[in-house]
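*Asks:*
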Amino acid sequence: MDVRSELSNATLFQNLELLAHQIVEGFISGIHKSPFHGFSAEFAEHKIYNAGQSTKHIDWKLFARTDRLYTKRFEDETNLRCHMILDNSTSMYYPEVKEYALDNLNKIGFGVLSIAALMQVLKKQRDAVGLSIYADTYDFHASEKNSERHFQMLYSKLNEVAAHKTNTKETKTYTFLHQIAEKIHRRSLIFLFTDMFQTETEEEKLFEALRHLKYNKHSVVLFHLLDNAHELHFDFDNTPKRFVDVETGEQIDLYADSIKKAYSEKVAQYQKDLKLKCAQYQIKYVGIDVRSGFSQVLNSFMIERQKFA
287 MDVRSELSNA TLFQNLELLA HQIVEGFISG IHKSPFHGFS AEFAEHKIYN
337 AGQSTKHIDW KLFARTDRLY TKRFEDETNL RCHMILDNST SMYYPEVKEY
387 ALDNLNKIGF GVLSIAALMQ VLKKQRDAVG LSIYADTYDF HASEKNSERH
437 FQMLYSKLNE VAAHKTNTKE TKTYTFLHQI AEKIHRRSLI FLFTDMFQTE
487 TEEEKLFEAL RHLKYNKHSV VLFHLLDNAH ELHFDFDNTP KRFVDVETGE
537 QIDLYADSIK KAYSEKVAQY QKDLKLKCAQ YQIKYVGIDV RSGFSQVLNS
587 FMIERQKFA
């Protein structure tokens with residue numbers, strides 16, 4: 287990535303908190319189209335009423351407007367601890383983006399903005415947020431806190447990640463997930479943003495690392511980030527192309543159609559195996575197309591937040 291590209295990419299994320307706020311507000315304004323119809327802007331200060339709970343704290347004014355039962359969330363209830371994990375390896379910078387925009391993101395840009403948007407919601411709820419970032423090393427760790435200074439430090443770090451491409455030669459995701467699991471001591475809701483690509487193909491080790499994240503009764507959501515058109519469906523025009531492994535630098539020249547079927551089948555099988563393992567370990571798997579917007583991430587958070595409470 288050249289300097290001009292880095293500068294243009296940095297521009298979008300210059301005020302990451304404001305951008306995240308806009309994403310959340312956009313999600314709320316369209317929430318009537320989702321299963322959470324009527325949850326509107328109050329969702330950060332309310333939780334869904336469950337049968338059997340005391341009716342003492344039901345918000346009847348909100349019920350009159352939405353025809354749904356919500357209870358008011360009090361400060362002593364908002365004690366969620368949430369830890370975000372971001373894969374910052376070179377493969378996460380695919381596809382190459384010369385100038386970021388909300389509808390033109392690579393995997394790392396999507397991951398950064400997703401985390402920033404979730405932080406906006408958690409901040410409103412006075413919940414504690416932590417962050418871990420890894421590439422070919424375990425680059426960054428911040429324990430869960432809910433102070434304004436802490437949030438600003440995390441926004442600054444995410445901005446730095448989005449603006450500067452890493453150049454890793456190997457990714458041992460399973461090694462770093464084990465290390466991160468050892469650092470999260472109190473029960474937390476964990477979100478992992480990764481494309482699940484690694485230079486070593488020891489899948490069992492990777493699955494065991496995911497299982498380790500469940501230790502101490504954590505709840506784990508895996509957001510599997512892909513550019514579906516190219517990485518899942520291998521949708522390239524059938525002209526001679528040179529494909530380069532972004533992490534190892536290995537190259538191969540071929541016509542896309544000559545391997546499209548075999549490639550798609552192999553990736554689909556890997557995705558199926560990953561989903562099955564996640565189900566086995568009670569990890570929520572969410573496949574994300576980075577061209578599809580943020581509603582799937584925010585919807586998943588809302589569902590898991592209610593289950594975790």
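Residue numbering for the sequence shown follows my numbering, starting at 287 and increasing by one per position.
From the three backbone atoms N, C-alpha and C, an ideal C-beta is built for every residue, glycine too.
1) On a Cα-Cα basis, can you pick out the residue from Tyr420, Leu366 and Arg473 that is closest to Asn453?
2) For the structure I just gave you, are there three or more beta carbon pairs, one from the segment 397-407 and one from the segment 468-483, closer than 8 Å?
3) In the DSSP assignment, find the alpha helix (DSSP H) that holds Phe313 and state where it starts and stops.
4) Please report the Cβ distance between Tyr549 and Phe520, rounded to the nearest whole angstrom; I am assuming they are in contact, meaning their Cβ atoms lie under 8 Å.
5) Check whether the segment 387-394 and the segment 346-359 touch, using three or more Cβ-Cβ pairs below 8 Å as the test.
6) For Lys546, I'd like the list of residues in its chain whose CB is within less than 7 Å of its CB, leaving aside the five on either flank, ordered along the chain.
7) So, using beta-carbon positions, are Leu444 and Leu302 closer together than 8 Å?
8) Contact check, Cys368 vs Ser474 under 8 Å by CB: the rounded distance?
9) For Asp523, does the count of other Cβ atoms within 10 angstroms reach 16, so buried, or fall short, so exposed?
10) DSSP state of Ala428, grouped into three classes?
11) Which residue from Leu499, Leu492 and Thr352 puts its Cα closest to that of Ile569?
12) For Leu372, which of helix, strand or coil comes out of DSSP?
13) Leaving out five residues on either side along the sequence, give the residues of the same chain with a beta carbon under 6 Å from the beta carbon of Gly416.
14) Tell me the DSSP secondary structure of Ile466 in three-state form.
15) Within 10 angstroms of its Cβ, does Asp413 collect 16 or more other Cβ (buried), or is it exposed?
16) For the beta strand (DSSP E) that Phe479 lies in, which residues bound it at each end?
17) Which runs of the beta strand (DSSP E) at least 3 residues long sit entirely within the segment 537-588? Give them in chain order.
*Replies:* A quick look at the data gives this:
1) Counting from one through the sequence shown, the residue named residue 453 turns up at place 167. Checked all of Tyr420, Leu366 and Arg473; the closest Cα to Asn453 is Tyr420.
2) Touching, per the Cβ criterion.
3) In the sequence shown, residue 313 corresponds to position 27, counting from 1. Leu302 to Ser315 is the extent of the alpha helix (DSSP H) around Phe313.
4) Position 263 of the sequence shown holds residue 549. Position 234 of the sequence shown holds residue 520. The pair is a contact, with the Cβ atoms about 5 Å apart (cut-off 8 Å).
5) In the pairwise beta carbon analysis, the segment 387-394 is classified as not touching the segment 346-359: fewer than three pairs are separated by under 8 Å.
6) Here residue 546 is taken as the residue at index 260 of the sequence shown, counted from 1. Result list for Lys546: Phe520, in chain order.
7) In the sequence shown, the residue the question calls residue 444 occupies position 158. In the sequence shown, the residue the question calls residue 302 occupies position 16. In contact: Leu444 and Leu302 (Cβ atoms closer than 8 Å).
8) In the sequence shown, residue 368 corresponds to position 82, counting from 1. In the sequence shown, residue 474 corresponds to position 188, counting from 1. Taking 8 Å as the upper bound for CB-CB distance, Cys368 and Ser474 are in contact here, some 6 Å apart.
9) Within the sequence shown, the letter at position 237 stands for residue 523. It counts as exposed.
10) In the sequence shown, residue 428 corresponds to position 142, counting from 1. Of the three classes helix, strand and coil, the one that applies to Ala428 here is strand, per DSSP.
11) Locating residue 569 in the sequence shown gives position 283, where the first residue counts as 1. Ranking Leu499, Leu492 and Thr352 by Cα distance to Ile569 puts Leu499 first.
12) Counting from one through the sequence shown, the residue named residue 372 turns up at place 86. In this structure, Leu372 counts as strand in the three-state DSSP scheme.
13) Walking along the sequence shown from the start, residue 416 turns up at place 130. These residues qualify, in order along the chain: His369, Ala428, Ser429 and Glu430.
14) Residue numbering aside, residue 466 sits at position 180 when the sequence shown is read from its first letter. If DSSP states are grouped into helix, strand and coil, Ile466 belongs with the helices.
15) Stepping through the sequence shown from its first residue, residue 413 is reached at position 127. Answer is buried; the Cβ neighbour count reaches 16.
16) Against the sequence shown, residue 479 aligns to sequence position 193. It spans Leu475 to Thr480 - the beta strand (DSSP E) in which Phe479 sits, taken as one unbroken run.
17) Entirely contained in the segment 537-588, the beta strand (DSSP E) runs reaching 3 residues are, in chain order, 537-541 and 570-575.
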